[in-house]
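Q: Attaching a single structure in structure tokens format; questions to follow.
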Amino acid sequence: MLLKHTPEEITERKALMINPAKTCQPIGAMYAALGVKGCLPHSHGSQGCCAYHRSTLTRHYKEPISAATSSFTEGASVFGGQANLLQAINNIFTVYEPEAIAVHTTCLSETIGDDLPQIFDKAIKEKKVPEGKTVFGAPTPSYVGSHVTGFSNMVKAMAALAESSGKRNGKVNILPGWVEPSDMEELKRMADMIGIEITMYPDTSGVLNGPLTGKYDMFPEGGASLSDIKESGDATGTLALGEWCSAEAARTLDSRCKVPCSILDMPFGLAATDRFVDALRTVGGTSVPEELSRERGKLVDFISDMHQYFYGKKVALVGDPDQLIAMTEFLVSIDMCPVHVITGTPGKKFEKKIKALTESQEYEVNVKAAGDMFLLHQWIKNDPVDVIIGNTYCKYIARDEDTPLVRWGFPILDRQGHQHFPTVGYMGGLRLLEKILGVLLDRKDRDDSEMTFELVL
Amino acid sequence: MGKSEKLVQWDPYDVKEKLLEKYPPKVARKRAKQIMINEAQENSTPEIVANVRTIPGIITMRGCTYAGCKGVIMGPTSDIVNLVHGPIGCSFYAWLTRRNQTSANGEGGENFVPYAMSTDMQDSDIIFGGEKKLEAAIQEAYDLFHPKGIAVFATCPVGLIGDDIHAVAKKMKDKFGDCNVFAFSCEGYKGVSQSAGHHIANNQVFTHLVGTSPTEKTDKYKINLLGEYNIGGDGFEIDRILEKCGITNIATFSGNSTYDQFASANQADLSCVMCHRSINYVADMLETKYGIPWIKVNFIGAEASAKSLRKIAEYFGDKELIDRVEEVITEEMPAVKATIDSVFPRTEGKTAMLFVGGSRAHHYQELFKEMGMTTISAGYEFAHRDDYEGRHIIPDLKVDADSRNIEEIHVEPDPELFRPRKTEEEIKALEDQGYEFKSYEGLNPDMDEKTIVVDDLNQYEAEKLVELMKPDLFCAGIKEKYSIQKLGIPMKQLHSYDSGGPYAGFKGAINFYNEIDRLVNSKVWGFMKAPWQENPELSATYVWE
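Each protein sequence line maps, in turn, to chains A and B. Position 189, counted from 1, in the first sequence is what our numbering calls 200; the numbers after and before it change by one each time, with no gaps. Position 331, counted from 1, in the second sequence is what our numbering calls 932; the numbers after and before it change by one each time, with no gaps.
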């Protein structure tokens, strides 16, 4: 047993978090900033933060993750990090020549109270920022919220770059939230099918799922361009996907540039994708092409074909709020039973939302925000499930409890494909179901006796 | 890349100039001192600047003090609860990512390695102080797990807000009575790299654990293995060999280690140092306090492993052990030799670059040599000057402000437990035969003349070096891996290996030869251009014409 010290009996913990279902803000800010074309993320803190975030993102994507750090020493921690950040800005523009630097803070620089806008002003006054280049940033104190909050804060900082010319440009902004580069690609494909011109940020497609060609570009072709981000203030409307990831940025666009917004669930699964497509066609004033309706039909077909294997199966879910809300709705809609749902990200709203989605279910649902995977494991010990859906760390629980695992979320450190194959939209829904079905039926094939083992399933 | 393209002529001084040319003047001046052309000089080795601050904005390979302390040194210990006091991230990132294996998985043994524990500090804790929460978290960990020991690690904000983690640890230790609680002031901003964290960890383990075991170890040939972290099972392979030779490994610092191993380390008769950088402090303290001499060993490389075993046997001086060691080497070597023979035609003449750690960039050169490969450039990520130039320069080391911040503990011979393992005459007799105690000559003397040694290599320089010198293989860490591979150069991660191992000892050497053969000869490096990119001209002929 790998987690042999986890007892079945649940005792209340007030101070000790064990096996977290979240990490800290800065990594989310770094991920978001990688989705801006020509932008180098910068971590304003001691260098270990940057090293850890880069390592984790590298392991998740198997791609180079470039990001710089202010490399605080004890001196900087006492006297403030301004000198370090000014020096960093100068060095970065001289050596790496990015279009922009996206600075996020850390618990260290937040605790000592470094003021980013003031340091940026100084950098500009001291001519450390070359003509036409951009420095922007977000406060991302690690002791507030989670990695999701950090992502949201950095996207909000992007939205704050938007300008309004007073003329609408007919485009629609899509704020995709923290999804995979493959998902962002899929959202663009769907918008293209519907015939709507969009601006999406961040956009990590083409950045974190690049080819091997013998050439290394520190700043690949992908990413949302700064000019598009600036022009997003002229858009007809904004579709913000995921309350936790994208709502703040959408509200910023609304209040700064009067771009109206709809906050939608992330389009995982049938119903959430329906709502996304419907919103997209309404705001863009176009009709949905037959091709996309056919994709929808394929997903419905798959659900009906294989319903017998999904029906009544119990699921444990762990991940980030926006993803879990959409996934819970999807699972309920195909008659699976999400019985344990945990996110590490705080927010009572999450618990309410999951409860509402599972209200019609006949069983008791365990749900917790600001929870951890130790508690999830204890829930599973008390009420076993047929499948676990979550990140790579779930494999320890899955092995101990001999329960199938579908890897979905962040980080995935031991399998690949997430950066290439989307799980959003109808085609993404098909992939999710294929994965869930695969582990359930592999398990059935393993467990069936020789007498009941069957060729056709 | 074809052989013909490989014949790149480069002058090391040109390469150095090219590495520096794009830097702002201040950065160039600083980096120039950390890039050294290895040259033989009369009576001295050229000096390199190391263990100095990283330059803000220059994308470094380095991590922080916390990573060195919690991640590297304490992480691999199975039966101590590691509790991180801070916001969640630090605990999350150091959770199982170093690939330290442990044998404590089965029934019985306690194993907390798969658990990440944190006080998950919130803004209210930053404002009002986190001591109460830490105290409560220690209590909850104790109530849940009843471990022998709880180690508390400080993260950046803890030092800034002034939480006294040592006082809390002491209070809880006194309260429990049957659980040792101790703390590490390893805030990420201390020092200039992971190295400071190793030092802090060494000091606390030595202060709170070593010498506290009530059980007496009575085996005949007892050693400590210091600076071995059981990545990918390296420590398992070394233990297999030692056991086969009849040598008892009392304590590994800290691969696959347990509380009791640390506590018993004072009972060994010899300390064998693998990673000089991370653990030489403990070796010195074990000698001063308990009278245990130390030697440098290296179990990376088959020849180096054999040499290290012979060195251990020579120390004990018993014919029985000396003969047994020879038997073991004779038994192990044929398989090693067979693998070398098989890969050699494919690896001979290939070139490698190594930029890792504080010892690894040196140790792994042994394995490359055995495969006929040349190391054309190397350097450490967080080493000090003595790791490059040898321990003889230690008296000349300048102690700067960043090093002064790291606690130095003063150790005296223990009134009860100090016991010289050999008489002065015995030591002298061994030394007269050329036996070296407390000796490490560093990386530089083992590298060819005119090779380029770079301290704290960064992403920009790595890319430049690869572009200019076109090595067949590059070795560094996970963050560097894919930018190098995008250039079409295979990259082996030598911190936690990514996958595979063990690479230590005899079986490890065999694994390594095969792994490097796989990497440098993989067909994939030939797939990067599509046929139409290789041959863009349009041709109107059809094959079936």
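Cβ atoms here follow ideal geometry from the backbone N, Cα and C, with glycine treated the same way. Please read all numbers here as calculations on a predicted model, not as lab measurements.
#1: Hey, out of B:P946, B:D885, B:L968 and B:A953, whose CA is closest to A903 of chain B's CA?
#2: Can you pull the chain A residues whose beta carbon is under 8 Å from the beta carbon of M954 of chain B, in chain order?
#3: Examine chain B for any beta-carbon lying closer than 7 Å to the beta-carbon of C118 of chain A, and answer yes or no.
#4: Tell me which same chain residues have a C-beta within less than 7 Å of the C-beta of G46 of chain A, skipping the five on either side of it?
#5: Which ranges would you report for the alpha helix (DSSP H) in the region 664-751 of chain B if only whole runs of at least 4 residues count?
#6: Is it the case that the Cβ atoms of D1047 of chain B and Q635 of chain B are separated by a distance below 7 Å?
#7: Taking the beta carbon of H799 of chain B as the centre, do at least 16 other beta carbons fall within 10 Å, making it buried, or is it exposed?
#8: CB-CB under 7 Å to T12 of chain A, same chain, minus the five flanking residues each way: which ones, in chain order?
#9: Shorter than 7 Å from the beta carbon of K774 of chain B to some beta carbon of chain A?
#10: For the alpha helix (DSSP H) that contains E302 of chain A, what are its first and last residues?
#11: Are the C-beta atoms of G658 of chain B and some chain A residue less than 7 Å apart?
#12: Within a Cβ cutoff of 6 Å, which residues of the same chain sit near K607 of chain B, ignoring the five residues on either side of it in sequence?
#13: For the region 1072-1084 of chain B against the region 942-961 of chain B, do three or more pairs of beta-carbon atoms, one drawn from each stretch, fall closer than 8 Å, so that the two count as touching?
#14: On the premise that S175 of chain A lies in contact with K269 of chain A, defined as a C-beta separation below 8 Å, what is that separation, rounded to the nearest angstrom?
#15: Who are the neighbours of D1056 of chain B on chain A, taking C-beta pairs under 8 Å?
#16: Please list, in chain order, the chain A residues whose beta carbon lies closer than 8 Å to that of G746 of chain B.
#17: Could you please tell me which residues of the region 69-86 of chain A, in chain order, have their CB closer than 9 Å to any CB of chain B?
#18: I'd like the span of the beta strand (DSSP E) that includes K823 of chain B, first residue to last.
#19: Where do the ends of the alpha helix (DSSP H) carrying Q129 of chain A lie?
#20: Can you tell me whether A149 of chain A is buried or exposed, with buried defined as 16 or more other CB within 10 angstroms of its CB?
#21: Helix, strand or coil for C118 of chain A, going by three-state DSSP, please let me know.
#22: Using a threshold of 7 Å, state whether the C-beta atoms of P758 of chain B and T122 of chain A are closer than that.
#23: In whole angstroms, what is the alpha-carbon distance linking I365 of chain A and M347 of chain A?
#24: Applying the 10 Å Cβ sphere with the 16-neighbour rule, what's the burial state of P192 of chain A?
#25: List the residues of chain A whose Cβ lies closer than 8 Å to the Cβ of R654 of chain B, in chain order.
#26: Measure the alpha-carbon distance for I977 of chain B versus Q1060 of chain B and round it to whole angstroms.
#27: Does any CB atom of chain B fall closer than 7 Å to the CB of Y42 of chain A?
#28: Closest by CA to I848 of chain B, which one among B:Q868, B:I913 and B:S858?
#29: In chain order, what residues of the same chain lie with their CB nearer than 6 Å to the CB of M602 of chain B, ignoring the 5 residues before and after it?
#30: If the cut is a Cβ gap below 9 Å, which residues of chain A does F785 of chain B touch?
#31: Give me the Cα-Cα distance between I896 of chain B and T117 of chain A, rounded to the nearest whole angstrom.
#32: Please classify K178 of chain A: is it buried, with 16 or more other beta-carbons within 10 angstroms of its beta-carbon, or exposed?
#33: Taking the alpha helix (DSSP H) that M169 of chain A falls in, what are its first and last residues?
#34: Just checking: is the beta-carbon of K25 of chain A within a distance shorter than 7 Å of some beta-carbon in chain B?
#35: Could you tell me whether the region 864-872 of chain B touches the region 720-735 of chain B, where touching means 3 or more Cβ pairs closer than 8 Å?
#36: Three or more beta-carbon pairs under 8 Å between the region 75-89 of chain A and the region 51-60 of chain A, yes or no?
A: Taking the definition as stated:
#1: B:L968
#2: Within 8 Å Cβ-Cβ: nothing; M954 of chain B doesn't reach chain A, min ~16 Å.
#3: yes
#4: Y212, P213, D214, T215, V218, G234 and A235
#5: 689-694, 724-729 and 732-746
#6: no
#7: buried
#8: A small fix is needed here, since residue 12 of chain A is Met in this sequence, not Thr. Excluding positions up to five away in sequence, the list reads D411.
#9: no
#10: E301 to F321
#11: yes
#12: In this predicted model, K607 of chain B has a pLDDT of only 47, less than 50, meaning its place in the structure is not dependable; the value taken from the coordinates is given anyway. Nothing listed; no residue qualifies.
#13: yes
#14: 7 Å
#15: Residues of chain A passing the Cβ test: none, with the nearest at roughly 15 Å.
#16: According to the sequence displayed, residue 746 of chain B carries Phe and not Gly. Simply H16.
#17: T69, R70, Y72, K73, E74, P75, I76, S77, A78, A79, T80, S81, S82, F83, T84, E85 and G86
#18: K823 to E829
#19: L127 to K136
#20: buried
#21: helix
#22: yes
#23: 14 Å
#24: buried
#25: S82 and T84
#26: 18 Å
#27: no
#28: B:I913
#29: In this predicted model, M602 of chain B has a pLDDT of only 40, less than 50, meaning its place in the structure is not dependable enough to derive any value.
#30: Going along chain A, no residue has its Cβ under 9 Å from F785 of chain B, so there is no contact; the nearest lies around 14 Å.
#31: 42 Å
#32: exposed
#33: H158 to A170
#34: yes
#35: no
#36: yes
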